[in-house]
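Residue numbers (my numbering), protein chains in the order written: chain S, 5 to 204; chain Y, 5 to 204.
There are 2 protein chains.
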Amino acid sequence: MAQEGPYHHGNLRAALVIAGIDLLEEAGLPGLSLRAVAARVGVSHSAPRNHFRGLAGLLSAIAAEGFRRHAAALGDAMAEAGEDRAARAQAAAEAYVAFALASPALFTLMFSKDRLDADDAALWAARSESYDRLREAARGYASGPAASLPENLAAETYLWSLVHGFARLRLDGVLGKSERMLGRQLEVGEILPKGLFDEP
Amino acid sequence: MAQEGPYHHGNLRAALVIAGIDLLEEAGLPGLSLRAVAARVGVSHSAPRNHFRGLAGLLSAIAAEGFRRHAAALGDAMAEAGEDRAARAQAAAEAYVAFALASPALFTLMFSKDRLDADDAALWAARSESYDRLREAARGYASGPAASLPENLAAETYLWSLVHGFARLRLDGVLGKSERMLGRQLEVGEILPKGLFDEP
DNA sequence: CGGCGATGTCACCGCTGTCAACATCAAGAT
DNA sequence: ATCTTGATGTTGACAGCGGTGACATCGCCG
């Protein structure tokens with residue numbers, strides 16, 4: 005029953021992650037199982053166990069790869085936007101939404117807390133890499149008198165919430181494709197005075 | 005083997021939904037299974053089949069109940085805020101985030117498209133009820149010269165994205181509890197000129 | 001009183017994640 | 001050259017899951 009390939013795969017771990025991402029985009033999160041990934045690579049159903057701590061481990065590795073691609077997408081967009089900080093923020097925001105719409109299942113997995121291994125160091129590193137890009141995009145964009153730390157922090161949170169929420173509502177089919185964000189015509193302070201997101 | 009209770013439950017459907025919501029808050033989405041819900045009510049694992057179209061049907065019924073509570077929470081908050089439209093929008097936004105933080109799994113289920121039955125009429129009705137509240141909160145808050153329809157539409161989308169994104173990032177453990185939204189100090193037009201969310 | 005639809009049970013299927021035991025291979029030690 | 005050791009992959013088994021169909025039981029309505 006010994007098939008063509010050698011007994012050992014050579015680089016099974018990487019192959020499983022790639023196959024997992026492919027499966028994710030083809031069949032969505034419910035279609036991504038340890039057995040399905042193993043079968044796609046052509047390996048026994050229990051082989052992934054040697055490389056990942058169960059399903060959560062595989063999902064964490066996939067999510068980590070997703071965050072690396074995410075960070076790269078944001079970084080590329082900002083680099084292409086040049087030096088102007090407004091243009092860079094704009095480009096990063098566009099790239100954020102574009103990434104989510106292009107890889108819905110991967111994007112969803114990246115932020116689905118309970119399916120990922122909380123102790124995965126590589127995932128944490130990749131996450132930070134991605135967050136740093138976003139933080140960079142929002143840096144220095146508080147329009148208050150001084151650009152002190154709290155204002156910068158708020159700018160990050162603000163930009164991130166807006167972009168992330170829009171992406172999620174789009175992915176969840178809540179916002180139609182015809183929705184527009186005419187941000188320039190809105191004074192957000194009118195809608196949401198400060199203190200809204202203070203601790204309960 | 006006939007236990008105490010009568011053969012027929014009496015109001016099994018409602019009992020299953022309530023048990024489902026309880027399980028959801030106790031064990032999260034992964035802990036919510038048809039068998040677990042049936043066991044909690046004290047009925048065989050196949051009994052729910054007579055009341056729901058599979059797991060998706062039960063989840064849809066639970067999500068519908070969630071949307072009804074959500075709409076009620078927003079409505080109550082706005083009613084308590086009085087007549088001032090800014091205060092009403094503020095109250096609705098606060099209630100939106102508070103609901104998400106108080107019932108994380110339920111809130112997540114409500115917006116997890118692929119687990120719900122797309123044809124569930126009751127779910128659609130409850131959803132609309134909730135969306136109407138949010139639309140009401142954002143009504144008339146475009147600060148452009150004229151409050152024509154596009155501006156109103158944008159205000160809804162804007163407010164919703166911001167609040168929804170903030171809630172999701174909080175639930176996913178991305179934003180710490182110390183994060184603040186100093187919205188008043190930000191001119192959002194500076195960060196996100198219009199056209200950001202145009203079609204790709 | 002008798003049937004009949006609604007409701008709940010039981011037995012089974014295929015799929016999943018996890019585990020334990022075993023087989024195979026590569027590389028270093030003797 | 002041979003042995004040993006650890007990593008890697010296979011096989012078989014288990015329990016839990018959602019789904020299905022056959023059957024049992026109840027309450028209602030003619």
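We put the beta carbon where it would ideally sit given N, CA and C, even for glycine.
Here DSSP, grouped into helix, strand and coil, assigns S:F56 to coil. Annotated three-state conformation of Y:G169 is helix, per DSSP. The three-state secondary structure of S:F71, taken from DSSP, is helix.
By the criterion of a C-beta distance shorter than 6 Å, S:G70 is surrounded in its chain by L110 and M114, once the five residues flanking it on both sides are discounted.
The DSSP-derived three-state label of S:V47 is coil. CA-to-CA, the gap between Y:T112 and S:D121 works out to about 19 Å. DSSP, read as helix, strand or coil, puts Y:D80 in helix. By the rule that beta-carbons nearer than 8 Å mark a contact, S:V167 touches chain Y. Interface flag for Y:F115 against chain S is set, since a Cβ pair is found closer than 8 Å.
Around S:L179, the beta-carbon contacts reaching into chain Y at under 7 Å are T161.
Rounded to whole angstroms, the separation of the alpha carbons of Y:V45 and Y:L27 is 11 Å. Contact of S:F170 with chain Y by beta-carbon distance below 8 Å involves T161, S165, G169 and F201.
Not a single CB atom of chain Y sits nearer than 8 Å to the CB of S:D136. Between S:D176 and Y:K117, the CB-CB gap stays under 8 Å. Bounds of any alpha helix (DSSP H) do not take in S:G177, whose DSSP letter is neither H nor E. According to the DSSP assignment, Y:F111 belongs to the alpha helix (DSSP H) that extends over P108 to M114. Excluding sequence positions up to five before and after S:H74, its CB lies within less than 6 Å of the CB of F103 and S134, all in the same chain and listed in chain order. The Cβ-Cβ distance between Y:H55 and Y:L20 falls below 8 Å. Less than 8 Å separates the beta-carbon of S:L127 from that of S:A68. When DSSP states are grouped into helix, strand and coil, S:A122 belongs to the coil group.
Relative to S:R92, the option among S:E98, S:Y100 and S:M82 whose CA is nearest is S:M82.
For Y:L173, the chain S residues whose Cβ falls inside 7 Å of its Cβ are W164, S165 and H168, in order along the chain. Boundaries of the alpha helix (DSSP H) harbouring S:E29: L16 to A31, taken from the DSSP string. Around Y:D118, the beta-carbon contacts reaching into chain S at under 8 Å are G32, L33 and P34. For S:D121, no Cβ of chain Y is located within less than 8 Å of the residue's own Cβ.
With its beta carbon less than 8 Å from one in chain Y, S:D176 belongs to the interface. Secondary structure of S:S37 (DSSP, three-state): coil.
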